[in-house]
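Data first, discussion second: the structure below is written as C-alpha cells.
Protein chains: 2
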Amino acid sequence: MTFRVTILGSSSASPTPRRNPAAHALNVHEQFFLIDCGEGTQQRLMRAGINPQKINAIFISHLHGDHVYGLFGLISTLGLQGRRTPLTVYAPRPFDEILACHLRYFDSQLPYEVIWQEVETRKHRLLYENKVLEVYSIPLRHRVPAAGFLFREKEPPLNILKEAIEQYGLGIADCAAAKRGEDLLLADGRTIPNESITYRPYRGRSYAYLSDTLYSPKAAGLVQGVDLLYHEATFADSDKALARQTGHSTARQAATAALKAGAGRLLIGHFSSRYKDETVLVEEARKLFPQTEAAEEGKSYEIPLLKTKR
Amino acid sequence: MTFRVTILGSSSASPTPRRNPAAHALNVHEQFFLIDCGEGTQQRLMRAGINPQKINAIFISHLHGDHVYGLFGLISTLGLQGRRTPLTVYAPRPFDEILACHLRYFDSQLPYEVIWQEVETRKHRLLYENKVLEVYSIPLRHRVPAAGFLFREKEPPLNILKEAIEQYGLGIADCAAAKRGEDLLLADGRTIPNESITYRPYRGRSYAYLSDTLYSPKAAGLVQGVDLLYHEATFADSDKALARQTGHSTARQAATAALKAGAGRLLIGHFSSRYKDETVLVEEARKLFPQTEAAEEGKSYEIPLLKTKR
Numbered sequence: 097m098t099f100r101v102t103i104l105g106s107s108s109a110s111p112t113p114r115r116n117p118a119a120h121a122l123n124v125h126e127q128f129f130l131i132d133c134g135e136g137t138q139q140r141l142m143r144a145g146i147n148p149q150k151i152n153a154i155f156i157s158h159l160h161g162d163h164v165y166g167l168f169g170l171i172s173t174l175g176l177q178g179r180r181t182p183l184t185v186y187a188p189r190p191f192d193e194i195l196a197c198h199l200r201y202f203d204s205q206l207p208y209e210v211i212w213q214e215v216e217t218r219k220h221r222l223l224y225e226n227k228v229l230e231v232y233s234i235p236l237r238h239r240v241p242a243a244g245f246l247f248r249e250k251e252p253p254l255n256i257l258k259e260a261i262e263q264y265g266l267g268i269a270d271c272a273a274a275k276r277g278e279d280l281l282l283a284d285g286r287t288i289p290n291e292s293i294t295y296r297p298y299r300g301r302s303y304a305y306l307s308d309t310l311y312s313p314k315a316a317g318l319v320q321g322v323d324l325l326y327h328e329a330t331f332a333d334s335d336k337a338l339a340r341q342t343g344h345s346t347a348r349q350a351a352t353a354a355l356k357a358g359a360g361r362l363l364i365g366h367f368s369s370r371y372k373d374e375t376v377l378v379e380e381a382r383k384l385f386p387q388t389e390a391a392e393e394g395k396s397y398e399i400p401l402l403k404t405k406r
Numbered sequence: 097m098t099f100r101v102t103i104l105g106s107s108s109a110s111p112t113p114r115r116n117p118a119a120h121a122l123n124v125h126e127q128f129f130l131i132d133c134g135e136g137t138q139q140r141l142m143r144a145g146i147n148p149q150k151i152n153a154i155f156i157s158h159l160h161g162d163h164v165y166g167l168f169g170l171i172s173t174l175g176l177q178g179r180r181t182p183l184t185v186y187a188p189r190p191f192d193e194i195l196a197c198h199l200r201y202f203d204s205q206l207p208y209e210v211i212w213q214e215v216e217t218r219k220h221r222l223l224y225e226n227k228v229l230e231v232y233s234i235p236l237r238h239r240v241p242a243a244g245f246l247f248r249e250k251e252p253p254l255n256i257l258k259e260a261i262e263q264y265g266l267g268i269a270d271c272a273a274a275k276r277g278e279d280l281l282l283a284d285g286r287t288i289p290n291e292s293i294t295y296r297p298y299r300g301r302s303y304a305y306l307s308d309t310l311y312s313p314k315a316a317g318l319v320q321g322v323d324l325l326y327h328e329a330t331f332a333d334s335d336k337a338l339a340r341q342t343g344h345s346t347a348r349q350a351a352t353a354a355l356k357a358g359a360g361r362l363l364i365g366h367f368s369s370r371y372k373d374e375t376v377l378v379e380e381a382r383k384l385f386p387q388t389e390a391a392e393e394g395k396s397y398e399i400p401l402l403k404t405k406r
C-alpha cells in the first residue's frame, strides 16, 4: 500500500543542467498520478521506472509553460504506444483551447481521448475520488489563476478487534454490521458502541503540492495536518521583494506555511536558477521548520504506513 | 574557424532514457544554428555548453512533435533571459499557426520577435546566407511535408601566392585586383591568369541533415560531395517494410544515400526504440559505407579545416 511521491522536475521557470521544470509523480496503492508536466517529464518518468501508460490522471496547477510544456510530448508518446484508455487532465481554463491547438496540429489521430476537467482555481473542491484516494484543489496566489492539490488517502475500512469477537461471541452478520460502523446490540438489550469493537488498521496519509504561489495562510490552513507538504521556495528571504513581484515564495515563507499547516515534513523546490546551491534555501527553511528537505531530481519520498496497533 | 555539429537528440518519435528527440546544434565560425528542436533541447544545449542566446536561426525539418516540442520551452527561456534579438525559425507551413497558438497562450509578452520563414519542402532553395555560410533546403519524402538542410561553408577569399608577388613585383592595387579574381595584365602586354597567382587557403566544408525520410536518391544527389552526412536510420533492413510504411529509412538505405552522395562520413540516428543497441544498425551501414558512426548524445563531430598547402 504505497504512498510515494517522485520528483521528476524541481527547477523554476527555466531548467538548469541538473534540474528539470516542475513535475511530480504520485503513487497511491500502485495507481499513478502526475502533478504538473514540465518539459522532459516523459523521459524522467522512464528514468524513474514509472510506465507512462499507468498514469491515471494529470493535475496541472497553472498554465505557465514550465508546468505544461512536457504534456504535449507525453500525450503523443502515449498515443504512439497505443493507449486506448481515456486520460483526464485537471487544469484551469483555457486548457481546453491549448489542448485543441495541440490536437489539431500534432495529434489529430490520437487513439485515445484526452478529457479536460476544469479546475476552478478560486475554489477548494473535491476534484477526483477513487476507492482509496481523494484529490482536492487548493486556491493559490500567483500571477495567473493557480491551484495546488491535496491528495488524501481515504481512511481504511474498519477491522474487528479480535478480543471483541471472543468477548461477545460475534458471528459473521455481527462483524459485517460492525465493519459498516454499526453499534452492537446484545441479546440482553445492552448496546456496545462501534468504537469498542473495531479499529482502523492504519491512518490515511496525505500529500500536498503548493506551487506556484505567494505565501498563503489560507492554503496552509486547507492542508492542515498534511504528512508531506511540497511548497515552492523559488527565492531566499533576501530576495523577498522579487518573490512578491513574481508571485513566488521564499524558503522562509515555505517553512511558515509548513508550520501553519502542522505538516509532518516539508519538501521545497522550484528553485530559481540564481542559486547555484540550494543549501542556503534549505537552511533558511530549517530555522523555522527543521523537517525540511530540498526536492532532489529523480528521488522518491515515501510516506510510510502508520499501523494502528491493537 | 570551427565547423562542428553537436548531437542534442537522436531518438525517433519517443525519447528513451538515454536518447532525446531530434536536435542538432551547428557551430560555423562561432555562429550557432539549431536543426530541429525536440523536447529537452534547451537543457541539452546547456549541458553541451552552448549558450541558447547565441543561436542565430533555427531550421525545422517537419512538423512532427518529436522535432518541434522543445521549441516552446526554448522560446520562453530566451525571453526570460531577456533576449531582444529577433529569432528566425525556418519551418514548413503551418508553423505560423502553431507559433501563433504558442504566443497567444504562453508567450504573449515575449521581449523579442520570432520570425517565421517558410520552407517550401518540395524545393531545393537557398534559405539563409551570411558571410561564411549558405543553407539550402533538400526535399525529403516523409509522411508529412519535410525538408532536410545542407549547410555549406563559403569558399574563403583568394590569397596571393608569395612567389607571384616576387616574380611579377605585384603592388597593392595588383594584389587587390587578384583577390577579386582578376587576371594580371603585365606592362609587356602579357596576361597572367588569376589561378597562377592566387590560391584558396582552405576548401569550404559542408554538413547535411536528412531526417525524416524514405531513401531518396534525389536528396542524396543534392548533397553531392558533402563532408558529413547525417541520415536517419530508424530501422534495420530486416524491418524495411515498416520503414517504408512509416516514411523512414533503414541503416542500409542511409549508407546507400551516403555512397550515392559521395559523402566523407556518415552519421546515423533517429533510432527506433525497438533496438536496445544500435550496433546492429551501424554494422549494417558499414557493410556498404565503412565511414559510418552512430550519433551519440551530447557528442560533437568536428569537420576539420583542410588547408590547401601552397
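Top line first, the protein sequences correspond to chains A and B. Going by my numbering, the letters in the first sequence line up with residues 97 to 406, in that order. Going by my numbering, the letters in the second sequence line up with residues 97 to 406, in that order. Idealized CB from N, CA, C, for every residue including glycine.
Going along chain B, which residues have a C-beta under 9 Å from residue i?
i: A:P113; result: Q139, M142 and R143
i: A:T102; result: Simply none; closest approach about 15 Å.
Assuming residue i is part of the alpha helix (DSSP H), what are its boundary residues?
i: B:Q138; result: T137 to R143
i: A:R200; result: F191 to Y201
i: A:L222; result: A:L222 -> not in any alpha helix (DSSP H); beta strand (DSSP E) instead, spanning L222 to E225.
i: B:F168; result: G166 to L176
i: A:L338; result: K336 to T342
i: A:Q263; result: K258 to Y264
i: A:T112; result: Careful: A:T112 lies outside any alpha helix (DSSP H) and carries neither H nor E.
So residue i and residue j are in contact, right, with Cβ under 8 Å, and what is the actual spacing, rounded?
i: B:A329; j: B:V319; result: The pair is not a contact, with the Cβ atoms about 16 Å apart (cut-off 8 Å).
i: B:L104; j: B:A153; result: Actually they are not in contact, since the Cβ atoms of B:L104 and B:A153 sit about 16 Å apart, beyond 8 Å.
i: B:Y311; j: B:A391; result: Not quite, the Cβ-Cβ distance comes to about 18 Å (not below 8 Å), so this is no contact.
i: B:Q138; j: B:T173; result: 5 Å
i: B:T294; j: B:L229; result: No, B:T294 and B:L229 are not in contact; Cβ-Cβ is about 22 Å, not under 8 Å.
i: B:K336; j: B:T346; result: 5 Å
i: B:L223; j: B:Q213; result: 7 Å
Anything in chain C within Cβ reach of residue i, meaning under 9 Å, just list it in chain order.
i: A:G169; result: The chain labelled as chain C is not found among the protein chains of the depicted structure, namely A and B.
Alpha carbon to alpha carbon, how far is residue j from residue i? Give it in angstroms, no decimals.
i: B:H125; j: B:Y165; result: 28 Å
i: A:N123; j: A:F129; result: 7 Å
i: A:G285; j: A:P297; result: 29 Å
i: A:L266; j: A:P252; result: 21 Å
i: A:S157; j: B:F155; result: 33 Å
i: B:D192; j: B:R218; result: 18 Å
i: A:R179; j: B:R239; result: 22 Å
i: B:E291; j: B:I256; result: 10 Å
i: B:C133; j: B:L377; result: 24 Å
i: B:H271; j: B:L401; result: One detail in the question is off: residue 271 of chain B reads as Cys in this sequence, not His. Each residue's Cα considered, the two are about 25 Å apart.
i: B:E135; j: B:E259; result: 55 Å
i: A:L324; j: A:I399; result: 7 Å
i: A:D373; j: B:R382; result: 46 Å
i: A:P188; j: B:Q349; result: 48 Å
i: A:S107; j: B:K356; result: 47 Å
i: B:L183; j: A:D308; result: 29 Å
For residue i, report the span of its beta strand (DSSP E) as first-last.
i: A:S396; result: S396 to E398
i: A:H120; result: A119 to V124
i: B:G365; result: R361 to G365
i: A:G244; result: A243 to E249
i: B:I103; result: F99 to G105
i: B:T283; result: This sequence places Ala at residue 283 of chain B; Thr is not what is there. No beta strand (DSSP E) contains B:A283, which DSSP labels as neither H nor E.
So, is residue i buried or exposed, given that buried needs 16 or more other C-beta atoms within 10 angstroms?
i: B:S334; result: exposed
i: B:R301; result: buried
i: A:L246; result: buried
i: B:G358; result: exposed
i: B:N116; result: buried
i: B:G321; result: exposed
i: B:E278; result: exposed
i: A:Q263; result: exposed
i: A:G244; result: buried
i: A:G394; result: exposed
i: B:A283; result: exposed
i: B:R200; result: exposed
i: A:S368; result: buried
i: B:A316; result: buried
i: A:E380; result: buried
Going along chain A, which residues have a C-beta under 7 Å from residue i?
i: B:Y298; result: Correct list: empty, because the minimum Cβ distance to chain A is about 35 Å.
i: B:T173; result: S110
Under 9 Å between beta-carbons, which chain A residues line up against residue i? List them in chain order, please.
i: B:T404; result: Under the 9 Å cutoff, chain A gives no residues; its nearest Cβ is about 40 Å from B:T404.
i: B:E193; result: C197, R200 and Y201
So with CB distances below 8 Å, who are the chain A contacts of residue i?
i: B:P176; result: In the sequence on display, residue 176 of chain B carries Leu and not Pro. Ordered by position in chain A, the residues that pass the 8 Å Cβ test against B:L176 are A109 and S110.
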